[in-house]
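Peer 1: Structure provided below as structure tokens; questions to follow.
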Amino acid sequence: MTESSLDRMIAIFDVEPAEPIEPAESAGERAVRFLGDGDGGGRRVVDGSQLLAQCLVAAGKALPGRTVRSAHAMFVSAADPERPLEFAVTPVRAGRLFASATVAVRQGGRTRAAASVLLDHPQPDVIRHDRWTGPPAAGPGAAHPVRMPLRGREVRLEDVRDHNSPDEVGPPTLDAWLRYETVPERDDLRRALLAHFTGHLSVSAAMRPHPGVGTSQAHRTLSTAPLAIAVSFHDPVEWGGWIRYHHESAYAGAGMAHVRGQVLTEDGRLLASFTQDAMIRAFGDAGARAAALPAEARL
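Using our numbering, the letters of the sequence shown correspond one by one to residues 19 to 317.
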């Protein structure tokens with residue numbers, strides 16, 4: 019198995035067209051197909067946030083000259099990292115200012131995810147506010163290093179030593195500091211890279227207030243999975259050094275958790291906002307029996 023690395027992941031984001039791309043205005047609503055690979059980081063499943071990142075790049079290539087402003091993805095069936103992926107981008111509208119598209123992610127003839135994407139041509143500011151307004155962060159220097167498998171990426175957590183532990187209890191928030199050895203020069207790949215981490219710690223943030231419940235139990239005694247991620251980008255999507263992912267779980271109950279978050283530069287400038295809806299269910303009860311079904315049978 020190929021080792022997961024930042025360079026490999028960025029290359030995976032950069033999906034390739036399966037046929038020549040026609041101008042969206044002349045192509046109508048005909049789908050444009052792209053092909054890509056997956057990386058499970060040692061697991062036999064592709065992270066939903068990786069599929070989201072690839073959808074962003076595919077939509078940008080299908081509607082060239084425009085910038086992805088937001089996307090909402092639903093993950094309906096697990097994707098195998100050892101099999102190729104197809105991304106079918108169908109333009110909904112390509113207007114003078116805004117464009118939109120749907121992206122269907124397929125593998126082996128089955129839909130694995132679906133995304134809706136909004137694109138535009140960024141315009142000069144009329145008004146602007148783009149700074150963090152919450153309590154000051156301690157910063158990456160005071161945060162604890164954590165092992166998360168991607169060579170070329172450094173991750174540190176504020177006030178948390180082990181985000182997987184069911185014994186480390188605190189408020190339903192997690193602040194993660196990330197630093198990448200390489201930041202892509204292309205704008206679409208920077209957006210893809212920001213989107214990629216939006217799915218990684220949201221379940222951990224939702225579990226944190228509850229003694230005896232932690233992400234170390236995921237896929238063992240608990241069935242957990244992100245079901246939907248939405249992300250909005252706030253220009254300019256440019257940074258150097260550390261960036262911060264602030265997670266806040268606004269709700270957990272009825273076998274689900276909702277988390278909202280922001281991505282910020284070290285000096286507090288907002289790069290992106292995101293939300294995640296995730297499943298958290300116990301094996302062995304009625305909810306877990308439903309959770310054990312294939313995802314497409316649950317939704």
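Note that CB positions come from ideal geometry on N, CA and C, so glycine has one too.
For clarity, every value in this text was computed on a predicted model and none was experimentally measured.
Identify which residue in His147, Glu34, Gly152 and Pro140 has its Cα closest to the Cα of valine 107.
Peer 2: Here residue 107 refers to the residue found at position 89 when the sequence shown is read from its first residue. For the residues His147, Glu34, Gly152 and Pro140, the minimum Cα distance to valine 107 belongs to Glu34.
Peer 1: If we count Cβ pairs, one from each stretch, closer than 8 Å, do we get three or more for the stretch 99 to 113 versus the stretch 262 to 275?
Peer 2: Contact fails: fewer than three Cβ-Cβ distances are below 8 Å.
Peer 1: Taking the Cβ atom as the reference point for each residue, do arginine 226 and valine 187 lie within a distance shorter than 9 Å?
Peer 2: Here the question's residue 226 lines up with position 208 in the sequence shown. Here the question's residue 187 lines up with position 169 in the sequence shown. A contact, by the Cβ cut-off of 9 Å.
Peer 1: Applying the criterion that 16 or more other CB atoms from any shown protein chain within 10 Å of the CB defines a buried residue, is phenylalanine 52 buried or exposed?
Peer 2: Residue numbering aside, residue 52 sits at position 34 when the sequence shown is read from its first letter. Buried, since its Cβ has 16 or more Cβ neighbours within 10 Å.
Peer 1: With a CB to CB cut of under 8 Å and the five nearest residues on each side skipped, what residues in its chain are close to valine 63?
Peer 2: By 1-based counting over the sequence shown, the position of residue 63 is 45. Correct list, in chain order: Ala96, Ala97, Asp98 and Pro99.
Peer 1: Per DSSP, what kind of secondary structure is serine 118 in: helix, strand or coil?
Peer 2: Taking the sequence shown and counting its residues from 1, one reaches residue 118 at position 100. Strand at serine 118.
Peer 1: Consult DSSP for phenylalanine 251 and reduce its assignment to one of helix, strand or coil.
Peer 2: Along the sequence shown, one-based indexing puts residue 251 at 233. In this structure, phenylalanine 251 counts as strand in the three-state DSSP scheme.
Peer 1: Report yes if the C-beta distance between arginine 84 and alanine 122 is below 9 Å; otherwise report no.
Peer 2: For this step, residue 84 is matched to residue 66 along the sequence shown. For this step, residue 122 is matched to residue 104 along the sequence shown. Going by C-beta atoms, arginine 84 is not nearer than 9 Å to alanine 122.
Peer 1: When DSSP builds the beta bridges, which residues end up paired with leucine 136?
Peer 2: Within the sequence shown, residue 136 is the residue found at index 118, counting from 1. Beta-bridge pairing links leucine 136 to Ser88 and Ser118.
Peer 1: Going straight from the alpha carbon of valine 110 to that of serine 183, what length do you get?
Peer 2: Here residue 110 refers to the residue found at position 92 when the sequence shown is read from its first residue. Here residue 183 refers to the residue found at position 165 when the sequence shown is read from its first residue. So the alpha carbons of these two residues sit roughly 44 Å apart.
Peer 1: Output needed for leucine 24: all residues of its chain with C-beta closer than 8 Å, excluding positions within five of it in sequence on either side, in chain order.
Peer 2: The residue labelled residue 24 in the question sits at position 6 within the sequence shown. Closer than 8 Å at the Cβ level, and outside the excluded window around leucine 24, lie Leu168, Arg169, Gly170, Arg171, Tyr198, Glu199 and Thr200.
Peer 1: When DSSP labels each residue in this structure, what does proline 184 get in the three-state scheme?
Peer 2: Here residue 184 refers to the residue found at position 166 of the sequence shown. In this structure, proline 184 counts as coil in the three-state DSSP scheme.
Peer 1: Taking Cβ to Cβ, would you say aspartate 206 is nearer than 9 Å to lysine 79?
Peer 2: Sequence index remark: in the sequence shown, residue 206 carries index 188 (1-based). Sequence index remark: in the sequence shown, residue 79 carries index 61 (1-based). Yes; because the gap between Cβ atoms is below 9 Å, this pair is in contact.
Peer 1: Return the Cβ separation of glutamine 280 and serine 267 in integer angstroms, given the expectation that the two are a contact with Cβ distance under 8 Å.
Peer 2: In the sequence shown, the residue the question calls residue 280 occupies position 262. In the sequence shown, the residue the question calls residue 267 occupies position 249. With a Cβ gap of about 14 Å, glutamine 280 and serine 267 do not count as contacting.
Peer 1: Report, in whole angstroms, the separation of the C-beta atoms of serine 134 and isoleucine 247, which I expect to be a contact under 8 Å.
Peer 2: The count along the sequence shown starts at 1 and reaches residue 134 at position 116. The count along the sequence shown starts at 1 and reaches residue 247 at position 229. 12 Å between Cβ atoms; not a contact.
Peer 1: Could you check the C-alpha separation between threonine 191 and alanine 36 for me, to the nearest Å?
Peer 2: For the purposes of this step, residue 191 is taken as the residue at position 173 of the sequence shown. For the purposes of this step, residue 36 is taken as the residue at position 18 of the sequence shown. About 42 Å.
Peer 1: Comparing alpha-carbon positions, which option in Gly159, Thr233 and Gly157 lies nearest alanine 300?
Peer 2: As a first step, residue 300 must be located in the sequence shown, where it is residue number 282. Among Gly159, Thr233 and Gly157, the Cα nearest to that of alanine 300 belongs to Thr233.
Peer 1: Using three-state DSSP, classify glutamine 68 as helix, strand or coil.
Peer 2: As a first step, residue 68 must be located in the sequence shown, where it is residue number 50. Glutamine 68: helix per DSSP, three-state reduction.
Peer 1: Helix, strand or coil: how does DSSP classify aspartate 25 here?
Peer 2: For the purposes of this step, residue 25 is taken as the residue at position 7 of the sequence shown. In the structure shown, aspartate 25 sits in a helix (DSSP, three-state: H, G or I).
Peer 1: Using only the alpha-carbon positions, how far apart do leucine 136 and arginine 87 sit?
Peer 2: Position 118 of the sequence shown, counting from 1, holds the residue named residue 136. Position 69 of the sequence shown, counting from 1, holds the residue named residue 87. Cα-Cα distance, rounded: 6 Å.
Peer 1: Between the C-alpha atoms of glutamine 294 and isoleucine 39, what's the straight-line distance to the nearest angstrom?
Peer 2: Taking the first residue of the sequence shown as position 1, residue 294 is located at position 276. Taking the first residue of the sequence shown as position 1, residue 39 is located at position 21. Approximately 32 Å between the Cα atoms of the pair.
Peer 1: Let me know if threonine 216 comes out buried or exposed under the rule of 16 or more other beta-carbons within 10 Å of its beta-carbon.
Peer 2: Taking the sequence shown and counting its residues from 1, the one referred to as residue 216 is at position 198. With 16 or more Cβ atoms within 10 Å of its Cβ, threonine 216 is classed as buried.
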